[in-house]
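Notes follow the structure.
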Amino acid sequence: MDSKKILILGASGFIGHAIYRELRSYFDTYGTYNSARRSFEGNQQFIKYDLEADDIFPVLEKVRPQIVISAVRGNFASQIQAHQHLVEYVAENNCRLIFLSSANVFDAYSKYPSYENDKTLSESIYGRLKIKIENMMMRLPSDKMAILRVPMVFGNSSPRIKEIKNLIWSNEPIEVFPNLIMNVTHDDKLTQQIHYLINQNKSGIYHLGSKDLVHHEDFIKEVVERIGKFNPIFKRVYTTNDDRYLAVLAKTNKLPKNLQTTYQEIIDHHISI
Numbered sequence: 002m003d004s005k006k007i008l009i010l011g012a013s014g015f016i017g018h019a020i021y022r023e024l025r026s027y028f029d030t031y032g033t034y035n036s037a038r039r040s041f042e043g044n045q046q047f048i049k050y051d052l053e054a055d056d057i058f059p060v061l062e063k064v065r066p067q068i069v070i071s072a073v074r075g076n077f078a079s080q081i082q083a084h085q086h087l088v089e090y091v092a093e094n095n096c097r098l099i100f101l102s103s104a105n106v107f108d109a110y111s112k113y114p115s116y117e118n119d120k121t122l123s124e125s126i127y128g129r130l131k132i133k134i135e136n137m138m139m140r141l142p143s144d145k146m147a148i149l150r151v152p153m154v155f156g157n158s159s160p161r162i163k164e165i166k167n168l169i170w171s172n173e174p175i176e177v178f179p180n181l182i183m184n185v186t187h188d189d190k191l192t193q194q195i196h197y198l199i200n201q202n203k204s205g206i207y208h209l210g211s212k213d214l215v216h217h218e219d220f221i222k223e224v225v226e227r228i229g230k231f232n233p234i235f236k237r238v239y240t241t242n243d244d245r246y247l248a249v250l251a252k253t254n255k256l257p258k259n260l261q262t263t264y265q266e267i268i269d270h271h272i273s274i
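In our numbering, the protein residues as written are 2 to 274.
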């Protein structure tokens, strides 16, 4: 086991827990949780942390991590304050910060896919939150931070796939966006990529999505076919008459071939009944 101590904020969530499962056999890995799940209470590696009520400093002082991975969700104002404190801690200690950002930091640019060094601009509250935290991190020395911009994440236990299955079984319409061109990823690939970035001491900005693009409607329909022989109702939502992009592609910081993925691979290998 590498002696690196890693703290994952939001380790009880879907992505945070996937990262924890990937890293725990290789590193001294800790996580925060805020759901009242018994499985975390008895686990010495998990620390209760309520984003809105607790300060992050006591957690950092207790664990003294060399790497903090932020996959925390929750109240936006509380997220901003927590990350301000995190950035202060990282600046003053032997510690690096890896932040899971989102393709939404580019959601105001709809005519093209986005690359690592493109200027961020968002029309959504969520995208603007991620930009605000990214900008805080940019003030750190470059070797102390990594920003991972992630598109929609799929995987058998992902909230998106669970929701699609629930809609199919309850005969409710599944919303699709025919004009949205995007890239995607799945939890297994994402956690392998994060593992690689930690092993290689990588810093900077990474776009961790499939290397190809797909229309949202086509992708969701293929996912549904993969789940089983159903005849679901699709509700087509048009937010615009033109194609719009929400895709993060790698140009400057490409990962090795074995860590790249395609949307078809995600459907074929990571979606099942």
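The beta carbon of each residue, even a glycine, is placed where N, CA and C say it ideally should be. All values derive from a computational prediction rather than experimental measurement.
Check	Outcome
contact_flag[the region 204-220, the region 176-184] where n(CB pairs < 8 Å) is 3 or more	yes
N- and C-terminal bounds of the beta strand (DSSP E) containing A147	146-151
At least three beta-carbon pairs within less than 8 Å, the region 259-269 to the region 172-182	no
Exposed unless 16 or more other CB atoms sit within 10 angstroms - verdict on Q194	buried
The region 53-72 touching the region 87-103, judged by at least three CB pairs closer than 8 Å	yes
Nearest-angstrom beta carbon gap, Y34 and Q46 [assumed within contact, 8 Å]	So it is not a contact: roughly 10 Å between Cβ atoms.
Own chain partners of I9 with C-beta closer than 6 Å, once the 5 adjacent residues on each side are dropped	G17, I20, Y21, G32, I70
Residue range of the unbroken beta strand (DSSP E) whose run includes S71	68-71
Start-end ranges of the beta strand (DSSP E) lying completely within the region 84-137, minimum 3 residues	97-103
Beta strand (DSSP E) segment containing F231, residue limits	No beta strand (DSSP E) holds F231; DSSP gives it neither H nor E.
Distance CB(L250)-CB(Y116) smaller than 8 Å	yes
For A147 and N200, the rounded distance between their alpha carbons	13 Å
The region 73-81 in contact with the region 116-125 per 3-pair CB rule at 8 Å	no
Residues of its chain near I169, where Cβ-Cβ distance is below 6 Å and the 5 sequence neighbours each way are ignored	F231, P233
Separation of K166 from K120, as counted between CA atoms	37 Å
Rounded separation between F107 and L141 - CA only	22 Å
Residue range of the beta strand (DSSP E) that includes I272	Looking at the DSSP string, I272 is not in any beta strand (DSSP E), and its letter there is neither H nor E.
Straight-line gap, K236 to S36 (C-alpha atoms, nearest Å)	33 Å
Cα-Cα separation, R161 to V225	12 Å
Cβ neighbours of L61 in the same chain (closer than 7 Å, five flanking residues each side left out)	Y90
Nearest-angstrom Cα separation, counted from S158 out to L101	19 Å
Pair within 8 Å by beta-carbon distance, M137 and V88	yes
Secondary structure of I199, DSSP reduced to three states	helix
8 Å Cβ cutoff met for Y113 and Y246	yes
Own chain partners of V154 with C-beta closer than 7 Å, once the 5 adjacent residues on each side are dropped	I16, T186, H187, D188, L191
Neighbour-count burial assignment, E164, 16 or more Cβ in a 10 Å radius	exposed
Inter-residue Cα distance where the pair is E218 and S171	20 Å
Cβ neighbours of D144 in the same chain (closer than 6 Å, five flanking residues each side left out)	S204
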